[in-house]
Amino acid sequence: MPLRDFLLGLLVIVIWSLNIIVIKVGVAELPPLLMTTLRFILVAALLVPFYPVARAQLPFLVLLSITFGSLHFALLFIGLGQAEAGTGALLVQMGTPFATLLAVVFLKEKLGPKRLAGLLLSFAGVVVLAGGPTLPSPLPLTILLLSAFGWAVSQLLIKRGPPIAPLALAGWVALFAVPQVALGSWLFEQNQWQAITQASWLGWGAVAYTAIMSSIAAYGIWYALLRRHPV
């Protein structure tokens with residue numbers, strides 16, 4: 054991997070790491086699914102008008118909105134609302150070894166010594182966490198692991214999917230995810246309008262960060278890197 058791409062990958066990791074903390078701040082003021090909905094609305098509003106896609110690409114984008122928008126992001130916000138930020142961050146990072154294993158099985162990518170060492174370190178981290186006092190209860194633990202799996206599946210779909218510009222991908226996935234997550238908020242959450250009107254600048258700042266920095270900046274870079282390098 055060229056040094057430039059390596060540094061871009063590190064930048065993405067930093068943005069995502071801060072994103073975990075920001076989500077914790079946000080869900081303290083906004084219900085998780087409502088916050089996810091607001092995030093997707095903002096992303097779609099900023100990107101969709103400027104990045105059109107072909108009609109033939111829409112089914113793929115709808116599928117990705119389910120695995121990425123609903124399965125990964127919605128469960129991530131719900132899980133982080135019930136777990137500590139550090140613990141949640143570690144569990145969410147299980148998406149990387151999940152994606153690596155899926156890529157080896159379905160994309161026939163090679164599992165070299167470096168990737169194998171990374172896998173072992175990832176699973177060792179979870180084993181250490183399991184023996185500590187900060188392990189969340191079974192429900193948020195399961196939710197966060199499912200979120201990580203949704204992320205992993207989405208990476209394979211992006212890798213094998215049609216060539217769509219990174220920001221177009223982010224915008225249209227967000228657009229199709231809005232009704233899915235909004236429906237979940239309507240069914241399972243309460244007092245949404247009250248939460249919106251009473252949210253402080255911290256809550257709205259969290260929505261803005263997760264949309265602009267995480268979804269647009271970080272995932273825009275990540276999608277481009279994923280096209281050029283193995284999962």
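The sequence shown begins at 54 in our numbering and counts up by one. Even for Gly, the Cβ is constructed at its ideal location relative to N, Cα and C.
Own chain, CB closer than 6 Å to residue i, minus 5 neighbours either side, in chain order
i    : result
A259 : V75, V78, G79
Y262 : V75
I249 : none
A205 : G148, F151, A152, L155
L255 : V78
I274 : L61, V65
L355 : The structure shown has nothing for residue 355, since the chain only spans 54 to 284.
Sequence-distant residues of its chain with Cβ nearer than 8 Å to residue i (five each side left out)
i    : result
T90  : V231, V234, A235, S238
Y104 : A218, L220, A221, G224, W225
S190 : Q135
L192 : Q135
Cβ shell of residue i (< 7 Å), same chain only, five flanking positions each side left out
i    : result
W225 : V101, V106, L114
S267 : I68, W69, N72
S123 : A230, Q233, V234
Q110 : P215, I217
L228 : A97, V101
L87  : S238, E242, Q245, A248
A142 : S70, I73
I265 : none
S207 : L117, T120, F121, H125
R21  : This structure does not reach residue 21, given that the chain is present from 54 up to 284, and the question cannot be answered.
Y272 : A223
Any chain B beta carbon closer than 9 Å to residue i
i   : result
A97 : As a matter of chain content, chain B is missing from the structure shown, which is built from one protein chain.
Burial state of residue i, where buried means 16 or more other Cβ atoms lie within 10 Å
i    : result
R92  : buried
G165 : exposed
P84  : buried
I66  : exposed
Q247 : exposed
Q146 : buried
P112 : exposed
A170 : exposed
A177 : exposed
L173 : exposed
L117 : buried
Nearest-angstrom beta carbon gap, residue j and residue i [assumed within contact, 8 Å]
i    : j    : result
L99  : I211 : Between I211 and L99 the Cβ distance is about 20 Å, and since that is not below 8 Å, they are no contact.
S175 : P150 : 4 Å
E137 : S253 : Contact flag wrong, Cβ pair sits at about 22 Å.
G62  : L279 : Not quite, the Cβ-Cβ distance comes to about 10 Å (not below 8 Å), so this is no contact.
I131 : I196 : 6 Å
L194 : L144 : 7 Å
G203 : L128 : 7 Å
Complete alpha helix (DSSP H) runs within the region 189 to 262 (minimum length 4 residues, chain order): 191 to 213, 219 to 241, 245 to 251, 254 to 261
Length at least 4, wholly inside the region 65 to 144: the alpha helix (DSSP H) runs in chain order: 85 to 100, 111 to 117, 128 to 133
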